[in-house]
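Colleague: Sharing a structure, written as structure tokens. Questions coming.
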Amino acid sequence: MFLVATTPVDAQTPDFTLKDSAGRTHQLSDYSGKWVLVNFWATWCAPCLKEIPDLAALHEARKDIVIIGVAMEFDDPATVMKFVDDLSIPYPIVLGNHKIAGQIDELSMLPSTYLYDPTGNPAARKIGLISRVEIEAFIGAH
């Protein structure tokens, strides 16, 4: 399995609420029956930008997986939205901050990815670059 750097999350995560750049609210409980992947990234983070095409392809190919991107550490929301447009990111983007991130975990590094199983329980997290292959292998094994 490719997720050697991914560690299981043991505690039950409370239902988080994230409001995306289009004004839609996303709660973990809204996606019962689906895997939910929350990816924290930044426009200045090269590994973050490298993994976005894989996440976009996964979003397009797998309707059983919900992907929510959370943009962190930005000066201007317009800069983030330009990256979203330039990279053709198809999944919802939340303009994040440490309070928003704190609903999920204390962020120590970007990118950071959190995966929740179809019952809403934390399944895994990875600090650092993640790929579609890793995500699909993990889901396939569970």
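All residue numbers for the sequence shown refer to our numbering, where the first residue is 822 and numbers rise by one. The C-beta atom is built at its ideal place from N, Cα and C for all residues, glycine as well.
Kindly indicate which three-state DSSP category Y937 falls into: helix, strand or coil?
Modeller: If DSSP states are grouped into helix, strand and coil, Y937 belongs with the strands.
Colleague: Which same chain residues, not among the five before or five after I910, have their C-beta less than 7 Å away from its C-beta?
Modeller: Counting only Cβ-Cβ distances below 7 Å, and skipping sequence neighbours, we find I873, A877, G890.
Colleague: Can you give the beta carbon distance from F837 to L928, rounded, assuming they're within the 8 Å contact cut?
Modeller: So it is not a contact: roughly 14 Å between Cβ atoms.
Colleague: Does the beta-carbon distance from L916 to P932 come in below 8 Å?
Modeller: Not closer than 8 Å, so no.
Colleague: Assuming contact is defined by CB atoms lying nearer than 8 Å, are Y935 and V887 in contact in what I supplied?
Modeller: Their beta carbons are not under 8 Å apart, which means Y935 does not touch V887 by this criterion.
Colleague: Along the alpha helix (DSSP H) that carries I943, what are the first and last residues, could you check?
Modeller: Sequence check: residue 943 is Pro here, not Ile. That residue, P943, is in no alpha helix (DSSP H); its beta strand (DSSP E) goes 943–948.
Colleague: Given a cut-off of 8 Å on the beta-carbon distance, is the pair P939 and G854 in contact?
Modeller: In this structure, G854 lies closer than 8 Å to P939 by Cβ.
Colleague: Straight-line CA distance for A958 to K871?
Modeller: Straight-line Cα distance between these residues: approximately 19 Å.
Colleague: Just tell me which of Q848, A867, W856 has its CA closest to the CA of D885.
Modeller: Cα-wise, what sits closest to D885 is W856.
Colleague: For K864, which residues in the same chain have their Cβ closer than 8 Å to its Cβ, ignoring the five residues on either side in sequence?
Modeller: Contrary to the premise, residue 864 reads as Thr rather than Lys in this sequence. So the list reads L870, A892, F895, T900, V901, F904, once near-sequence residues are dropped.
Colleague: How many Å lie between R845 and A962 at the Cα?
Modeller: Each residue's Cα considered, the two are about 32 Å apart.
Colleague: Got a sec, what are the start and stop residues for the alpha helix (DSSP H) F904 sits in?
Modeller: First-last of the alpha helix (DSSP H) with F904: 898–907.
Colleague: Would you report the Cα separation of P898 and D841, rounded to the nearest angstrom?
Modeller: So the alpha carbons of these two residues sit roughly 12 Å apart.
Colleague: Give me the Cβ distance between L908 and R953, rounded to the nearest whole Å; I'm assuming they're in contact under 8 Å.
Modeller: No, L908 and R953 are not in contact; Cβ-Cβ is about 15 Å, not under 8 Å.
Colleague: Can you name, in chain order, every residue of its own chain whose Cβ lies under 8 Å from the Cβ of A922, other than the five neighbours on each side?
Modeller: Cβ within range, chain order: F861, V891, M893, L928.
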